[in-house]
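As given, the protein sequences belong to chains A and B, one line each in that order. First residue of the first sequence: 1141, per my numbering; consecutive thereafter. First residue of the second sequence: 150, per my numbering; consecutive thereafter. For each residue, glycine too, the CB sits at the ideal point set by N, CA and C. Below is one structure, written out as structure tokens; comments come after it.
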Amino acid sequence: AADELVKDEL
Amino acid sequence: MNIFRFAGDMTHLCSIVVLLLKIEATKSCAGVSLRTQELYAVVFVSRYLDLFFTFISVYNTVMKVFFITSSFCIIWYMRHHRIVSQTYDREQDTFRVAFLVVPCIFLALLVNHEFSMVEVLWTFSIYLESVAILPQLILLQRTFNVDTLTSNYVFLLGAYRALYILNWLYRYFTEPGYSQWIVWSSGTLQTAIYCDFFYYYVVSWRKNERLSLPS
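Right under this line is the structure:
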């Protein structure tokens, strides 16, 4: 699921 | 945040600053692809929609706002600045961006982590970023004798991609559960496009050197 993804990168 | 990630972000930021300074100082955007700049604006806007619902850090927010505003600033210069807009290589910058945008839309609809508006747009931005430099690379090959600042811009963008790969490797080995296949594969493609360009760049640079030798 999307919330497991690391999205702190730019 | 590790050193590779930070250095990568800073090179990305520097590349944009170099480009803006070049445009402002020389009052010229010769050799700069407006199509690539517009693609980057699309990339940043579709990816950074999360500015409205997730807060990661002040650093993260500031960088996102910088990338969005600076890309629009470059586009404004190239399209509307009285002097700069006249130096735009309109006839040479002819890459059909639909060939990049349309496949990226379809791929994002097919291959994504979750079928939602925000998630598909995020995935689309990742795919589009990996190929957004192509109009710029083709323009640089066509107008080879442009000032070094334009090549510095492209070089810094390439360095940013290489540092991001080191960042992913570092995070993969240090953070348990860290994995993001879509970003990794697109990022690798993006870096491969740069490597191809650098190969061409070095070859023709050496050829030019040899030709200019006194006989």
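The residue from B:S177, B:L289 and B:V269 with its alpha-carbon nearest to that of R228 (chain B) is B:S177. Out of B:Y350, B:S265, B:L298 and B:F273, the CA that lies nearest to the CA of L169 (chain B) is found in B:L298. Contacts with chain A at 8 Å (Cβ-Cβ) include H262 (chain B). For M227 (chain B), the secondary structure class from DSSP, reduced to helix, strand or coil, is helix. Between the beta-carbon of H262 (chain B) and that of L1150 (chain A) there is about 18 Å, and that puts the pair past the 8 Å contact cut. In this structure, the straight-line span from the alpha carbon of F201 (chain B) to that of S195 (chain B) is close to 12 Å.
Only D199 from the region 170-201 of chain B bring a Cβ to less than 8 Å from some Cβ of chain A.
Within chain A, the residues placing a beta-carbon under 9 Å from that of Q329 (chain B) are L1145, V1146, K1147 and E1149, ordered along the chain. The C-alpha of L183 (chain B) lies about 22 Å from the C-alpha of Y349 (chain B). Nearest C-alpha to I342 (chain B) among B:F155, B:L277 and B:G180: B:L277. Residue contact check for I275 (chain B) against chain A: no CB pair falls below 8 Å.
In this structure, DSSP gives I205 (chain B) a state outside helix and strand, which the three-state scheme calls coil. Distance from the CA of I314 (chain B) to the CA of L258 (chain B), rounded to the nearest whole angstrom, comes to 25 Å. Of the residues assessed, T218 (chain B) falls on the exposed side of the cut-off, its CB having fewer than 16 other CB atoms within 10 angstroms.
Straight through space, the alpha carbons of V267 (chain B) and D158 (chain B) are spaced by roughly 23 Å.
The distance from the Cβ of A281 (chain B) to that of T185 (chain B) is about 6 Å, consistent with a contact at the 8 Å cut-off.
If you look at L168 (chain B), you'll find it in the alpha helix (DSSP H) that goes I152 to T175. Burial is judged here by how many other beta carbons sit within 10 angstroms of a residue's own beta carbon; K171 (chain B) has at least 16 and is buried.
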